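Start counting the sequence shown at 759; every next residue gets the next number (the working numbering). What follows is a short report on a single structure.
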Amino acid sequence: MQINAKRVAVVTGASSGFGAAVARKLAQQGWYCVLVARRRDRLEEVARETGGEIEVCDVTERDDVYAMAERIAARHDAIQLLVNNAGMPGRGGFLDIEPERIEQVVRTNYLGNVWVLLSLVPLLEAGAPSHVVSVASVAGVIAGGAGGPYTASKHAQVVFSRSMASELAPKGIRVHTLKPGFAETEGFPQDRFLGNPISRRIVLSEDQVADAILRIVRRNRREMFLPKIYAPPAMLYGLMPNTVSRLLGWQTRKRDEAFRGEQA
Ligand SMILES: NC(=O)c1ccc[n+]([C@@H]2O[C@H](COP(=O)([O-])OP(=O)(O)OC[C@H]3O[C@@H](n4cnc5c(N)ncnc54)[C@H](OP(=O)(O)O)[C@@H]3O)[C@@H](O)[C@H]2O)c1
């Protein structure tokens, strides 16, 4: 039985960053939010602000995700929006990062996205026309420099979202893929850019990304870069992946060396 007459949104990764910011904006627009993440205390804080409800769930655990979907279905007949946003960084060179971390990055950023969507398809279909926003990354379409495991997980997320956009369209579920650039959040601190007056301009705020999540739905766009400036390099990368990767690798190495020099 439906417990409220409002439109219902499920937001994963709602305990901080983009997820918490978009939940606040959705609540201001009259949505009822189901907030999903692992940290109960942080979810409760956001729920107090937004008036929504919480679901403590680790998106990497398929059984837990299905149990969560069942609990949501017991309270709501349908949902109209899923913001598939939970994710984690995997910074550092491939040879430095722990193998367990690589596994966790893939299980969270890619498979977590898959399990949450799969478990909620019946409720999204019941709420059709409904929307799914997959919060991927520019790293989902451009590879170069360090961070291979994260980049690979985001590439997987992007192609999965693209396929889902076609497969779920007949059910009235529209799947959108947002590809943000660097943003300052709890899990993704951007000290390397924020320390420099020029590079700090490219760093987005949580609110800018939250606004873009709402915009991609409002405009019914399948994919969007944030900011748009990433679109031309992504096109170039599509045409000349090796050249662009090499350039990016060189530039990243230079930036990292300069940053280490400043820290020393
Ligand atoms: N910030 C950036 O520069 C940037 C750029 C492009 C894309 N992105 C993507 O944007 C998304 C949101 O990141 P953010 O920047 O807002 O980072 P954030 O503040 O660290 O938020 C990450 C959220 O994901 C949740 N989460 C992580 N692992 C989880 C798990 N196993 N199960 C359930 N929830 C989990 C975290 O909650 P708990 O720890 O409480 O579980 C947290 O709420 C991620 O997918 C990230 O890859 C970020």
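Even glycine gets a Cβ: it sits at the ideal position worked out from N, Cα and C. Bear in mind the structure is a predicted one, so any value in this text is a computation, not a measurement.
| Query | Result |
| --- | --- |
| Can you round the beta-carbon distance between proline 847 and phenylalanine 951 to whole angstroms, since I take them to be within the 8 Å contact cut? | No, proline 847 and phenylalanine 951 are not in contact; Cβ-Cβ is about 14 Å, not under 8 Å. |
| Does DSSP classify glutamate 942 as helix, strand or coil? | coil |
| Look up asparagine 871 in the DSSP assignment and say whether it is helix, strand or coil. | helix |
| Can you tell which of Glu858, Arg796 and Ile974 has the C-alpha that lies nearest to the C-alpha of lysine 937? | Ile974 |
| With H, G and I counted as helix, E and B as strand and the rest as coil, what does DSSP make of histidine 889? | strand |
| Please confirm whether asparagine 842 and threonine 770 have their CB atoms less than 8 Å apart. | yes |
| Counting along the chain, where does the alpha helix (DSSP H) carrying methionine 998 start and finish? | Here methionine 998 belongs to no alpha helix (DSSP H), and DSSP marks it neither H nor E. |
| Which same chain residues, not among the five before or five after glutamate 964, have their C-beta less than 7 Å away from its C-beta? | Gly775, Phe776, Ala779, Ala941 and Thr943 |
| Please determine if the region 788 to 796 and the region 811 to 818 are in contact, where contact requires at least 3 C-beta pairs separated by less than 8 Å. | yes |
| Determine the contact status of valine 768 and isoleucine 837, defining contact as a CB-CB distance below 8 Å. | yes |
| Taking a contact to mean a Cβ-Cβ separation below 8 Å, would you say alanine 897 touches tyrosine 908 in this structure? | yes |
| Beta-carbon within less than 7 Å of leucine 878's beta-carbon, same chain only, minus the 5 sequence neighbours each way: which residues are those? | Val768, Ala827, Ile837 and Leu840 |
| Label alanine 910 either buried or exposed according to how many other C-beta atoms from any shown protein chain fall within 10 Å of its C-beta, with 16 as the threshold for buried. | buried |
| For glutamine 944, is the beta carbon positioned less than 7 Å from some heavy atom of ligand 1? | It should be pointed out that residue 944 corresponds to glutamate in this sequence rather than to glutamine. Indeed, a heavy atom of ligand 1 lies less than 7 Å from the Cβ. |
| To the nearest whole angstrom, what separates the beta carbons of leucine 875 and valine 890, a pair I think is in contact under 8 Å? | 6 Å |
| Determine the DSSP secondary structure at phenylalanine 918, reduced to helix, strand or coil. | helix |
| Does isoleucine 1023 come out as helix, strand or coil in the three-state DSSP assignment? | Nothing in the structure corresponds to residue 1023, since the chain is present only between 759 and 1022. |
| Check whether the region 989 to 1008 and the region 899 to 907 touch, using three or more Cβ-Cβ pairs below 8 Å as the test. | yes |
| Go ahead and pull the three-state DSSP assignment for histidine 934. | strand |
| What's the gap between the Cα of methionine 759 and the Cα of proline 880? | Low local confidence applies: a pLDDT of 38 at methionine 759 is under 50, so the model's placement there is unreliable, with the coordinate-based value given in what follows. About 15 Å. |
| Write down every uninterrupted run of the alpha helix (DSSP H) in the region 778 to 842 whose length is 4 residues or greater and which is fully enclosed by it, in chain order. | 798 to 808 and 820 to 833 |
| Consult DSSP for phenylalanine 852 and reduce its assignment to one of helix, strand or coil. | coil |
| Using a Cβ cut-off of 8 Å (strictly closer), state whether glycine 788 contacts chain D. | No chain D is part of this structure, which consists of one protein chain only. |
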